[in-house]
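For the protein sequence lines, the chains are A and B, in the order given.
Heads up: the first sequence at position 100 corresponds to 1329 in the numbering used here, and the numbers run straight through without jumps.
Heads up: the second sequence at position 90 corresponds to 1041 in the numbering used here, and the numbers run straight through without jumps.
Yeah, the Cβ is synthetic: ideal placement off N, Cα and C, and Gly gets one too.
Please read all numbers here as calculations on a predicted model, not as lab measurements.
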Amino acid sequence: MSSRSATRNNALWFWLFTGPFVLGLLIFSYLPILWSLVLSFFEAQNTVTPSKFVGLRNYADMLTDANFVSSLGTFTVFALFIVPLTFVLSLALALLVNQVEIARAFFRSVFFLPTACSYVVASLIWKLSIFNGVRFGLANTVLGWFGADQIAWLSTVDPPWFWLPIVTVRLWLQLGFYLILFIAGLQRISPTLYEAAYVDGAKPGWQTFRFITWPQLRATSVAVLLLNLIAAYQAFDEFYNLLGNVNFARPPLVYLYGISLGSIQDLGRGSAGAMILAVVIIVLTLLQNKIFGFGKAND
Amino acid sequence: MTATGRTAGTPQPIGYGRSPLGRAGAVLRWIALLVATVLFVIPFYLVLRNALATEADITGVDWKFFPTELQWGNFGELFADENVPMARALYNSAVVGVLGTGGQLLLASMAGYGLARIPYKHAGKVFYAVMATLMIPAAVSFIPSFVVVSSLGWVSTLRGLIIPTLFSGFAAFLFRQYFLGFPREMEEAARVDGAGYFATFWRIVVPNSLPFFAAIAAITFIGNWNSFLWPLVIGQDPNSWTVQVALSTFVTAQTINIHQLFMAAAVSILPLVLIFAFLQRYLIQGVTQSGIKD
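So this is what it looks like as structure tokens:
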């Protein structure tokens, strides 16, 4: 076999292996984005085909739409709550689990099991059983034991109690995932480092954590922060199921869902909103890459 | 090294976290762990309690930790109720879960192998094209994807639920990384015997990578089963609802009894608990790999 025909053969084999996948990406990833980009410059209400060219009007509409702008604010507040909390709590739990000598697998399983639960089911438990605004909700029952007043958790805006169920449901669902990442990171740290530190007189506890564990966990920490933030961008399920389409706490995806597939069915404006959101997310991701150096931390 | 009173030379088990508080620290650690355990288990307990209780037990003024009497009949009642398309929803979820996972594994593993192992001058560009799709979060592209699927006439069909979700750039990336680390000698032995890429892949690489496939399969299945936004967008007709969409619709509409709703939730969790029980090792391995090699 000449080398040229071997090369041609390889090209053929390459496309046999990757072709179906790449074709699917073209149809279900690239084409949608392009089509949506086109739609965003057109009037397209109740239809997926562009009808009248309106230039940048959809974009202007969205950027001046107080509801859309405030949905970006909701997302920001949510990320400010959820990212640090998830990081600190999953690291703390990982350290705890890693330190016990018995039943380690048991604790790991207990904390990881909620990962298998869906946001819909968790929201159902939170909404109907724990943070129900009436007496039979668990949270209000516990408050009652201490003689405190009942709270309508999901509809109280001042003070903003609704954040408590919103944040805790995600903590319950995703802590286990990050816990596993941290445990894996902890187990990759060589014991000789701790032995050397011990010989040098470092006190076990805070000192070894500060000077060995923490720096050694850098790659894991960066991964946890980024995955966490990306997951926060996608917030939809718990907001939709716990709060519905309310104007006081509506992340961008819930708002865009309402615009494009709810009662208005305006796919032109919805597409413009999706494009704006995509740009925001891409810019934020690139910024994080610059700040944290994700690629460098990896190897 | 003078501060410690330990005899020099005695090897001590040194964990990074030996608490300076000694015994008191250990007690505190255990208390913290047990409190966390209780908090993590309560939601599961509530699903079971509500699924097996009467409506009155759940909504009574006084909190009942245990139902007065376990109502096993709630299970049959759920499936007997004609207003609640639960059996249909479970069937849809099972089809979406199994076919979606199988298809995703097949497509992504083949693409990953091609990208990792077949020398082709444009392979780098194809790889970047795959990676670029990871930049757009799936959740942002639900409107564009709806537009395409809707013009194909796939709204409210199983095709619409499954096919667009098959092409996961992330899974292809994970497989590529994995195959890059697969021992080349094993493949070369097969190639010397005259096997082509196809035979090498199916007879050598796949059978020797089953733990990795199991890990990705477990994660993918759980993801498919729990997925909500896409099935909500596509499932406009109740016959095409998945379990998650059905549950969500009942919560917002409140047309269903609470105990029935929780029985439905319990039934929807069951397959995942089983997967969890059998594949936990692979699952954790997969999470570790997917998280760090991101």
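Any C-beta of chain B under 7 Å from that of residue i
i	result
Trp1264/A	yes
Gln1416/A	no
Gly1499/A	yes
Arg1364/A	yes
Asp1528/A	No answer about Asp1528/A holds up, because its pLDDT of 37 lies below 50 and its placement is not dependable.
Thr1247/A	yes
Gly1491/A	no
Val1508/A	no
Ala1308/A	no
Contact with chain A by residue i, beta-carbon distance below 7 Å
i	result
Phe1017/B	no
Phe1121/B	no
Pro1115/B	yes
Met1082/B	no
Val1046/B	no
Leu1131/B	no
Pro1070/B	yes
Tyr1079/B	no
Leu1109/B	no
Trp1014/B	yes
Asn1025/B	no
Ser1101/B	yes
Val1091/B	yes
Arg980/B	yes
Asn1177/B	yes
Gln1022/B	no
Tyr1148/B	yes
Cutoff 7 Å; reference residue i; Cβ partners in own chain excluding five residues on either side
i	result
Gly1487/A	Asn1474
Ala1168/B	Thr1052, Leu1056
Cys1538/A	Summary: the structure shown does not reach residue 1538/A, with chain A confined to residues 1230 through 1528, and so no result is reported for it.
Phe1097/B	Val1184
Pick from the options that is closest to residue i, judged by C-alpha positions
i	options	result
Phe1310/A	Phe1391/A, Trp1244/A, Leu1472/A	Phe1391/A
Ala1322/A	Asn1238/A, Val1451/A, Leu1400/A	One point to set straight first is that residue 1322/A is Leu, not Ala, in the sequence displayed. For Leu1322/A, the nearest C-alpha among the options comes from Leu1400/A.
Ala1464/A	Thr1305/A, Leu1415/A, Trp1355/A, Phe1270/A	Thr1305/A
Gly1248/A	Phe1017/B, Phe991/B, Phe1078/B	Phe1078/B
Asn1043/B	Ile1113/B, Val1238/B, Val1202/B, Met1137/B	Ile1113/B
Leu1342/A	Val1196/B, Ile1170/B, Trp981/B, Glu1138/B	Ile1170/B
Val1509/A	Ile1520/A, Tyr1462/A, Ser1234/A, Leu1410/A	Tyr1462/A
Ile1009/B	Glu1330/A, Pro1313/A, Ser1338/A, Leu1357/A	Leu1357/A
Val1386/A	Gln1328/A, Arg1333/A, Asn1476/A	Asn1476/A
Ile1359/A	Ser1199/B, Val1224/B, Phe995/B, Trp1181/B	Phe995/B
Lys1519/A	Ala1431/A, Pro1388/A, Ser1489/A, Val1451/A	Val1451/A
Phe1130/B	His1210/B, Asn1175/B, Leu1041/B, Phe1164/B	Phe1164/B
Leu1285/A	Ser1500/A, Val1512/A, Ile1511/A	Ser1500/A
Gln1211/B	Leu1003/B, Phe1017/B, Leu997/B, Leu979/B	Leu1003/B
Ile1262/A	Glu1139/B, Pro1088/B, Leu1234/B	Pro1088/B
Gly1054/B	Ile1235/B, Ala1040/B, Ala1123/B, Gly1104/B	Ala1123/B
Ala1235/A	Tyr1071/B, Phe1229/B, Ala1062/B, Thr1193/B	Tyr1071/B
Secondary structure of residue i, DSSP reduced to three states
i	result
Asp1466/A	helix
Phe1097/B	helix
Phe1375/A	coil
Lys1432/A	coil
Glu1424/A	helix
Lys1281/A	strand
Gln1187/B	coil
Phe1163/B	helix
Phe1271/A	strand
Asp1495/A	strand
Gly968/B	Caution is warranted here: a pLDDT of 46 is assigned to Gly968/B, below 50, making its placement in the model unreliable, and no coordinate value can be reported.
Pro1481/A	helix
Arg1417/A	coil
Gly1253/A	helix
Trp1244/A	helix
Ala1345/A	helix
Ser1443/A	As written in the sequence, residue 1443/A is Trp, which differs from the Ser given in the question. Here Trp1443/A sits in helix by DSSP.
Thr1010/B	helix
Leu1003/B	coil
Asp1387/A	coil
Gly1473/A	coil
Close-in-space but distant-in-sequence residues of the same chain around residue i (CB under 8 Å, 5 per side omitted)
i	result
Val1099/B	Pro1115
Pro1480/A	Ser1300, Thr1303, Phe1304, Phe1307, Ala1464, Phe1465, Phe1468
Leu1029/B	Val1035, Met1037, Gln1211, Met1214, Ala1215, Val1218
Same chain, Cβ closer than 6 Å to residue i, neighbours up to 5 away in sequence not counted
i	result
Ser1191/B	Ser1107
Ser1060/B	Phe1126
Phe1521/A	Val1451
Exercise. What runs of the beta strand (DSSP E), each 3 residues or longer, lie entirely inside the region 1015-1084 of chain B?
Worked result: none
For this session: Let me know the beta strand (DSSP E) ranges lying completely inside the region 1187-1221 of chain B, each 3 residues or longer, listed in chain order.
Result: none
Problem set entry | Whole beta strand (DSSP E) elements within the region 1102-1179 of chain B, 3-residue minimum | none
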